[in-house]
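Below is one structure; the comments refer to it alone.
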Ligand SMILES: C[S@@+](CC[C@H](N)C(=O)[O-])C[C@H]1O[C@@H](n2cnc3c(N)ncnc32)[C@H](O)[C@@H]1O
């Protein structure tokens, strides 16, 4: 054994330990509005932040010190004040920024709290149904993906399919399956008022949340249906069907893909996103690959295995998606030329 190599492994674990605890404190900061308070108030002491947020000063001080060590917050030793740079605030404190990551904190910590149940699943099989994965998690997922839907879905992702946005502007039938809390569905309904958009998800609280959000925009071209994705209403053919980050979660992804193939108009397109990773673990030695691999047993795979599903897991990559598409009968499969840290996008045709 080489001492250097031993230390490398040990230090990697220490780094991950810091990352895991930082995620938990990031969750505290996100939930309690601490990042926003620091960003808004500019340089301030721990006492001033505690007063501003109505929180315990000793905890607030320790949180600030941890955030300085994590490089999420800066500290000026002379004035003993804490502050955030514009870039830190843009990423950590601005819910409407295209780079906002609060959803990552919101998703990670409650997910890790499920580990004791996952331990049981390793022993006995089965899993945690989506309805029991944690009350906060659907909203956390919504917040994690929202920046992409609000800022990039129409402008970059749908635009990457030649001619698609022009066609949607004229008026089309769109289905968004596994739509969660409806952020992607609503972004499309707002961008294409002449089109009719149907969001489908089997999780009732997410559909209720999506309906509430749609009501705030007074949209008359969007509808939400609580149903399994393979039950896409067959009374119409769709010009566009989308599934964002959900096929790999499904109990029976193959029957969903067959239903999509069936429901698509002859000249329709199916836009499908999956995590931006390779199907091969050894090619995923990077932060995004590491995150999605670790998420898989704690979330995506377990919600499928909970119902004796296929349990594809989070990491199917382009290779896995291609194989599933071909089995479902799609004749065309293209990877879209979209740069996105978290997702890769495919366009499929009948
Ligand atoms: C990771 S979330 C993604 C939600 C949404 N597309 C987004 O990007 O915010 C996966 C979603 O798939 C839904 N889902 C999983 N299996 C489903 C099925 N068989 N039919 C309908 N929805 C399903 C879950 O309820 C959940 O909302």
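Numbering (this note's numbering), first residue to last: 7 to 356. A virtual CB, placed ideally from N, CA and C, is assigned to each residue, including glycine.
Closest residue to residue i among the options (Cα-Cα distance)
{"i": "residue 228", "options": "194, 247 and 246", "result": "194"}
{"i": "residue 333", "options": "274, 264, 295 and 271", "result": "264"}
{"i": "residue 201", "options": "223, 224, 222 and 177", "result": "177"}
{"i": "residue 323", "options": "213, 246, 294 and 22", "result": "294"}
{"i": "residue 104", "options": "52, 317 and 158", "result": "158"}
{"i": "residue 205", "options": "246, 175 and 169", "result": "246"}
{"i": "residue 28", "options": "108, 16 and 7", "result": "108"}
{"i": "residue 138", "options": "252, 230, 211 and 55", "result": "211"}
{"i": "residue 326", "options": "106, 346, 303 and 281", "result": "281"}
{"i": "residue 97", "options": "60, 242, 150 and 130", "result": "150"}
{"i": "residue 24", "options": "75, 184, 14 and 304", "result": "75"}
{"i": "residue 292", "options": "335, 348, 10 and 84", "result": "348"}
{"i": "residue 106", "options": "152, 213 and 38", "result": "152"}
{"i": "residue 345", "options": "129, 71, 19 and 162", "result": "162"}
{"i": "residue 244", "options": "209, 173, 132 and 304", "result": "173"}
Contacting residues, own chain, Cβ-Cβ under 7 Å from residue i (five flanking each side not counted)
{"i": "residue 58", "result": "43 and 47"}
{"i": "residue 328", "result": "339"}
{"i": "residue 272", "result": "356"}
{"i": "residue 77", "result": "none"}
{"i": "residue 337", "result": "355 and 356"}
{"i": "residue 203", "result": "180, 182, 191, 194, 195, 227 and 228"}
{"i": "residue 283", "result": "290, 294, 295, 298, 321 and 323"}
{"i": "residue 69", "result": "31, 34, 35 and 40"}
{"i": "residue 223", "result": "192 and 196"}
{"i": "residue 95", "result": "45"}
Close Cβ partners of residue i (< 6 Å) along its chain, the five nearest in sequence each way excluded
{"i": "residue 301", "result": "320"}
{"i": "residue 248", "result": "182 and 277"}
{"i": "residue 353", "result": "167, 275, 277, 340 and 342"}
{"i": "residue 238", "result": "181, 265 and 269"}
{"i": "residue 197", "result": "160"}
{"i": "residue 73", "result": "79"}
{"i": "residue 171", "result": "164 and 165"}
{"i": "residue 53", "result": "63"}
{"i": "residue 32", "result": "111"}
{"i": "residue 99", "result": "41, 42 and 45"}
{"i": "residue 233", "result": "206"}
Residues bridged to residue i [DSSP beta-bridge criterion]
{"i": "residue 74", "result": "None; residue 74 has no bridge partner."}
{"i": "residue 277", "result": "248 and 353"}
{"i": "residue 181", "result": "204 and 247"}
{"i": "residue 229", "result": "204"}
{"i": "residue 87", "result": "82"}
{"i": "residue 341", "result": "352"}
{"i": "residue 270", "result": "244"}
{"i": "residue 50", "result": "88"}
Buried versus exposed, by CB contacts within 10 Å (16 or more), residue i
{"i": "residue 288", "result": "exposed"}
{"i": "residue 256", "result": "buried"}
{"i": "residue 207", "result": "buried"}
{"i": "residue 254", "result": "buried"}
{"i": "residue 102", "result": "exposed"}
{"i": "residue 22", "result": "exposed"}
{"i": "residue 66", "result": "buried"}
{"i": "residue 91", "result": "exposed"}
{"i": "residue 286", "result": "exposed"}
{"i": "residue 36", "result": "buried"}
{"i": "residue 17", "result": "exposed"}
{"i": "residue 279", "result": "buried"}
{"i": "residue 251", "result": "buried"}
{"i": "residue 136", "result": "buried"}
{"i": "residue 317", "result": "buried"}
{"i": "residue 221", "result": "exposed"}
{"i": "residue 199", "result": "exposed"}
{"i": "residue 26", "result": "exposed"}
{"i": "residue 154", "result": "buried"}
Beta-carbon proximity list for residue i, same chain, < 8 Å, skipping 5 on both sides
{"i": "residue 236", "result": "258, 261, 262, 264 and 265"}
{"i": "residue 134", "result": "120, 123, 124, 127, 308, 309 and 312"}
{"i": "residue 50", "result": "44, 58, 87, 88 and 89"}
{"i": "residue 156", "result": "102, 104, 189 and 193"}
{"i": "residue 142", "result": "112 and 116"}
{"i": "residue 230", "result": "185, 188, 191, 204, 205, 206, 207, 213, 216, 217 and 220"}
Worksheet entry | Stretch pair the segment 143–151 + the segment 103–121: three plus CB contacts closer than 8 Å | Short answer: they touch.
Worksheet item: Would you say the segment 177–189 touches the segment 205–222, given that touching needs at least three Cβ pairs under 8 Å?
Response: A contact is defined here as three or more CB-CB pairs under 8 Å, and the segment 177–189 meets this definition with respect to the segment 205–222.
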